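A.B. asks: Next up is a structure, given as structure tokens.
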Amino acid sequence: MPPRLILFGAFDRHNFGDLLLAHCAEAKHPGRDPVFAGLAARDLRPWGGHAVRALAEVVAACGHEPAELVHVGGEVLTTTAWEAAVMLQTPDEARRVIARLGRDSAGHRAWAAQYLGTRRQLPYLLGAADVPAHWTVRFAGVGGVALDGLPAALRGEALRALRGAAVVCVRDRVTAGALERCGVQVCLVPDPAVETPRLFGVQIGERAAGAAFATLRKRQPRWLALQLAAAWGDDATLARVARAAAAEARARQAGIVLFCAGRAPWHDDPEVLQRMAAHVAGIAPDLSVEILPSDHVFDLCALLAHACAYLGTSLHGWIVAASFGVPARCLVDGPGAKAAAYIETWREAAGGGWLARDDLPPCMDA
């Protein structure tokens with residue numbers, strides 16, 4: 032009998048990529064009955080995710096038996112306790128705690144430690160020393176392009192966890208290089224979501240054939256899928272993205288459908304999407320523009336799979352669109368961004384590319 036399978040990751044909050052990665056990890060282990068563990072207990076099933084148990088509770092319940100703990104992917108190597116704890120809040124709760132603690136770094140650490148129940152500063156990283164003796168640890172397609180820039184204490188914590196793992200697979204050359212320079216043996220693999228068409232084509236097809244998409248197609252037979260993180264929500268940036276999106280949609284004789292890739296704090300913001308829609312309408316009143324009302328992970332996959340193009344800041348939006356052969360451009364702050372690192376690693380295999388914020392042209396190449 033195989034050991035218990037524990038899938039651990041940031042799918043304890045609403046983010047398109049993390050929810051999808053949990054499904055990918057489950058599909059990679061057919062016949063197993065995995066435990067989905069996060070930093071907090073959350074039920075993401077209404078959005079197509081999983082019923083997630085808190086890691087501490089899983090350790091208490093399963094610590095006496097052999098288990099295989101798999102870090103399922105994402106940019107988890109550099110996610111700090113403060114960031115993780117804030118992203119587990121509701122948007123209103125996050126605003127309150129950020130306003131209360133301000134730039135107090137010590138306050139951030141103390142509050143996060145109390146909320147998460149751990150003093151680890153990189154809480155999504157677990158090495159052999161952090162789990163029960165009968166458990167093994169693997170990392171599957173993770174990222175950490177900012178690893179070299181971490182403070183020494185956090186970087187040391189990350190390296191200790193990684194050196195105690197049975198297998199470390201990373202998804203981009205920047206992360207691989209940083210770890211290899213520190214003596215950590217790694218394998219380079221694509222993000223698990225590249226297999227979305229093969230793994231979930233049936234589910235995605237069923238969502239695309241539903242009433243909601245039938246209604247959408249009546250209004251927009253062709254669409255450009257457009258997404259933007261809240262951090263890109265200033266009016267000047269929205270105007271530039273709107274111009275690029277409108278030009279691309281016109282070139283493809285399509286409308287625009289905006290979607291929200293993450294409801295967790297520091298991800299997307301519905302208000303930003305509404306303002307983006309208003310910017311597009313002001314620039315191109317002839318274009319059909321709407322916001323997808325669903326946040327379900329497989330509705331987002333269906334939107335991307337049937338789009339004529341994708342433009343957005345979500346790396347997994349780019350990965351899923353490209354996996355279906357959809358022309359895709361990922362918006363990044365600069366060449367050091369995680370999406371740029373990933374795309375540069377796998378560009379020849381996937382197609383498409385990235386655009387820096389400062390380099391947004393009036394229209395993408397068709």
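Going from the sequence shown to my numbering is simple: count from 1 and add 31.
Think of the CB as a built atom: it goes at the ideal place given N, C-alpha and C, for glycine as much as any other residue.
What you are looking at is a predicted structure, and each value in this text was computed from that prediction instead of being measured.
(1) Whole angstroms is fine: what's the gap from Gly79's alpha carbon to Glu237's?
(2) Near His310, which residues of its chain fall below 6 Å by C-beta distance, leaving aside the five closest residues on each side in sequence?
(3) With distances taken from CA atoms, which of Pro65, Val217 and Ala370 is nearest Phe39?
(4) Mind checking Leu346: buried by the 16 CB within 10 Å criterion, or exposed?
(5) Taking 8 Å as the cut-off, does the segment 246-255 touch the segment 294-306 (at least 3 CB pairs, one atom from each stretch)?
(6) For the beta strand (DSSP E) that Leu166 lies in, which residues bound it at each end?
(7) In terms of alpha-carbon separation, which member of Gly232, Thr167, Arg204 and Gly208 lies closest to His54?
(8) Hey, how far is the Cα of Ala275 from the Cα of Gly69?
(9) How is the alpha helix (DSSP H) around His54 delimited, first residue to last?
(10) For a test of the three-state rule: what should DSSP assign to Leu331, helix, strand or coil?
(11) Can you give me the start and stop residues for the beta strand (DSSP E) that Trp263 sits inside?
(12) Where does Gly105 sit, in a helix, a strand or coil, going by DSSP?
(13) Where DSSP assigns a beta bridge to Phe67, which residues make up the other side?
(14) What residues in its chain sit with their C-beta under 6 Å from that of Trp113, if we drop five residues either side in the sequence?
(15) Between the segment 199-216 and the segment 126-139, do at least 3 Cβ pairs fall closer than 8 Å?
(16) Report all residues from its chain with a CB closer than 7 Å to the CB of Leu50; omit the five preceding and five following residues, and keep chain order.
(17) Determine whether the beta carbon atoms of Gly105 and Leu156 lie at a separation below 9 Å.
C.D. replies: The structure says:
(1) Rounded to the nearest whole angstrom, the CA to CA distance from Gly79 to Glu237 is 14 Å.
(2) Leu269, Ala270 and Ala273
(3) Scanning Pro65, Val217 and Ala370 for the CA closest to the CA of Phe39 turns up Pro65.
(4) That one is buried.
(5) no
(6) In the sequence as presented, Leu is not what sits at residue 166; that position holds Trp. Taken as a continuous stretch (DSSP letters only), the beta strand (DSSP E) holding Trp166 covers Trp166 to Val173.
(7) Gly232
(8) 38 Å
(9) Phe47 to Ala58
(10) The answer is helix: DSSP assigns Leu331 an H, G or I state.
(11) Trp263 -> no beta strand (DSSP E), and no H or E assigned at all.
(12) strand
(13) Leu38
(14) His139 and Ala143
(15) no
(16) Phe42, Leu75, Trp78, Gly79, Gly80 and Val328
(17) no
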